[in-house]
Amino acid sequence: MQYYSTNGKAPIADLQKAVVKGLAEDKGLYMPDHINTLPKAFFDNIQDMSFQDIAYNVASAFFGDDVDLDALQDIVYDTLSFDCPVAPVTDNIYSLELFHGPTLAFKDVGARFMARLLRYYLAKQSAASDAPSAKGQVNVLVATSGDTGSAVANGFLGVDGIHVYVLYPKGKVSPIQECQFTTLGKNITAVEVDGVFDDCQALVKAAFMDEELNSHMRLTSANSINVARFLPQAFYYFNAYARLKKQWMTTAPSALFPELVICTPSGNFGNICAGLFAKRMGLPVKRFIAANNANSVFYEYLQTGQYRPRPSVQTIANAMDVGDPSNFARIYTLYNQDWNAIRNDITGATYTDQQIADTMRQVYQQTGYVCDPHGACGYRALSERLLPGEVGVFLETAHPAKFKQTVDGILSSDIEIPAKLQAFMQGEKKSVPMTKHFADFKNYLMHQ
Ligand SMILES: *Cc1c(COP(=O)(O)O)cnc(C)c1O
Numbered sequence: 003m004q005y006y007s008t009n010g011k012a013p014i015a016d017l018q019k020a021v022v023k024g025l026a027e028d029k030g031l032y033m034p035d036h037i038n039t040l041p042k043a044f045f046d047n048i049q050d051m052s053f054q055d056i057a058y059n060v061a062s063a064f065f066g067d068d069v070d071l072d073a074l075q076d077i078v079y080d081t082l083s084f085d086c087p088v089a090p091v092t093d094n095i096y097s098l099e100l101f102h103g104p105t106l107a108f109k110d111v112g113a114r115f116m117a118r119l120l121r122y123y124l125a126k127q128s129a130a131s132d133a134p135s136a137k138g139q140v141n142v143l144v145a146t147s148g149d150t151g152s153a154v155a156n157g158f159l160g161v162d163g164i165h166v167y168v169l170y171p172k173g174k175v176s177p178i179q180e181c182q183f184t185t186l187g188k189n190i191t192a193v194e195v196d197g198v199f200d201d202c203q204a205l206v207k208a209a210f211m212d213e214e215l216n217s218h219m220r221l222t223s224a225n226s227i228n229v230a231r232f233l234p235q236a237f238y239y240f241n242a243y244a245r246l247k248k249q250w251m252t253t254a255p256s257a258l259f260p261e262l263v264i265c266t267p268s269g270n271f272g273n274i275c276a277g278l279f280a281k282r283m284g285l286p287v288k289r290f291i292a293a294n295n296a297n298s299v300f301y302e303y304l305q306t307g308q309y310r311p312r313p314s315v316q317t318i319a320n321a322m323d324v325g326d327p328s329n330f331a332r333i334y335t336l337y338n339q340d341w342n343a344i345r346n347d348i349t350g351a352t353y354t355d356q357q358i359a360d361t362m363r364q365v366y367q368q369t370g371y372v373c374d375p376h377g378a379c380g381y382r383a384l385s386e387r388l389l390p391g392e393v394g395v396f397l398e399t400a401h402p403a404k405f406k407q408t409v410d411g412i413l414s415s416d417i418e419i420p421a422k423l424q425a426f427m428q429g430e431k432k433s434v435p436m437t438k439h440f441a442d443f444k445n446y447l448m449h450q
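One gets this note's numbering by counting positions in the sequence shown from 1 and adding 2 to each.
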């Protein structure tokens, strides 16, 4: 499979280059030059397959030409050692729980898959070349406002040949988030920047541009624009269909399977973009809904045809506080820049903090289900937009305990913290203090 840039001005790349480089030379995002569809037999039997086997089939269609199938199977099985169930919330709305991975959020899958695929390619490079540049450790730099850092750090934890530096803004991530990347040790270094998230991102960008630094150490990014991080999220959508179909065949064997609507709480639009790819591969989804918080740039694009990025505003669904979604370029390219074609497959929704909180309370009181603030946007959009004969699945993107303070404040609850999270909280915090000045960060890296 070959990968081209959404900006159309960079050379075609193979998967290895797309994964190792992340972003194309013209700053565009890599897109596969074709999308394989899956055979009818796969969809006929999908309800009896495990999450791992479904994912392996999907991964083979994308990566099977480029990665040895045995290795690919290892990568997929290692990535998906947990479940991804659908829980009924109302008669026709289901929650697809993406929070059963190591850090209890959906980014775990993309991060782990990317770590393993990168490791695969580094091993190949070093076997194929005697040059010192093909041998040294690779250093992943990632800036985080909370969730990305924990997923990337845990995904790369213990993967040899790769060291991860997580840059995060001092005092601006929740204690639960912070402990998920500051207590790991091993090949993970947390860098606590005296600044805001944008300062962290600026340091990472400056590091990639700095020639002296790049000749001192091999640097790469684990940003969500990487094809190895966003495409594996397609696994979730196939699994949603499989689990729902199974339930349907058990409870209503004679009834026709209803039309499926999937709603994805969206920020950078990587997750929903993977869903759109799943549809291109043949997954029978009637339509998608992109649920936004108050950061409604994509919603407005759907209404007006004008894409007008702007600075993000802070909300209680903070992993979606994005004012210029990076995967917009991918969606735009996937639909040949055709606004109407995009609107045929995706509608939008946008909710204020007040609406999110009201929804969380309402769902909890009426059904007992605890939504986190991101999932609540998804639930609400389905409850407002679902038509007769449709069944809806929203992606519950994080465990509510990751946002315990917010959730308890809204629901007057005291939700339990899962054992996995508690284990992080008992670890010892270690981080490297850093100013927001690049000279200091560079000096630190030059001595590593
Ligand atoms: C990252 C994240 C999102 C947004 O996903 P995108 O792929 O950026 O659209 C939604 N919810 C949670 C909990 C997240 O961590």
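Just so you know, even glycine gets a beta-carbon here, dropped at the ideal spot from N, CA and C.
Taking buried to mean at least 16 other C-beta atoms within 10 Å of its own C-beta, is residue i buried or exposed?
i: L258; result: exposed
i: R114; result: buried
i: R245; result: buried
i: S83; result: exposed
i: L389; result: exposed
i: S217; result: exposed
i: M322; result: buried
i: V315; result: exposed
i: P13; result: exposed
i: K42; result: exposed
i: E386; result: exposed
i: G151; result: buried
i: N47; result: exposed
i: A192; result: buried
i: H449; result: exposed
i: K432; result: exposed
i: T39; result: exposed
i: S131; result: exposed
i: M436; result: buried
Thinking C-beta only, is residue j closer than 8 Å to residue i?
i: G377; j: E398; result: yes
i: L221; j: K444; result: no
i: A1; j: A293; result: Only positions 3 to 450 of the chain appear in the structure, and residue 1 is not among them; the question remains open.
i: N241; j: F53; result: yes
i: L304; j: G350; result: yes
i: I358; j: N295; result: yes
i: A331; j: G30; result: yes
i: F168; j: V206; result: Residue 168 is actually Val in this sequence, not Phe. In this structure, V206 does not lie closer than 8 Å to V168 by Cβ.
i: V21; j: L119; result: yes
i: P375; j: T408; result: yes
i: L233; j: L278; result: no
i: A224; j: V142; result: yes
i: V111; j: F237; result: yes
In the structure shown, what three-state DSSP assignment does residue i receive?
i: R310; result: coil
i: S427; result: Note that residue 427 is Met in the sequence shown, not Ser. Looking at M427 - three-state DSSP - the assignment turns out to be helix.
i: S217; result: helix
i: C265; result: strand
i: P375; result: helix
i: Q4; result: strand
i: A107; result: strand
i: V142; result: strand
i: A12; result: coil
i: A351; result: strand
i: T191; result: strand
i: P90; result: strand
i: Y167; result: strand
i: C294; result: According to the sequence shown, residue 294 is Asn rather than Cys. DSSP places N294 in strand when its eight states are reduced to three.
i: I95; result: strand
i: A400; result: strand
i: V315; result: coil
i: V161; result: coil
Contact between the segment 106-125 and the segment 183-199 is defined here as three or more beta-carbon pairs at a separation below 8 Å; is this criterion met?
No: the two stretches stay apart, fewer than three of their Cβ pairs being nearer than 8 Å.
Sufficient close CB pairs (3 or more, under 8 Å) joining the segment 342-358 to the segment 55-72: Segments in contact, no.
task = Evaluate the contact criterion for the segment 74-88 versus the segment 192-201: three or more CB pairs, one atom per stretch, below 8 Å.
result = Flag = no, the segment 74-88 and the segment 192-201 do not touch.
### Query
Is the segment 222-231 touching the segment 19-31, taking contact as three or more C-beta pairs under 8 Å?
The count of Cβ pairs closer than 8 Å, one atom from the segment 222-231 and one from the segment 19-31, reaches three, so the stretches are in contact.
Discussion item. So, does the segment 273-292 touch the segment 411-426, judging by three or more C-beta pairs under 8 Å?
Written reply: Counting Cβ pairs under 8 Å, fewer than three are found: no touch.
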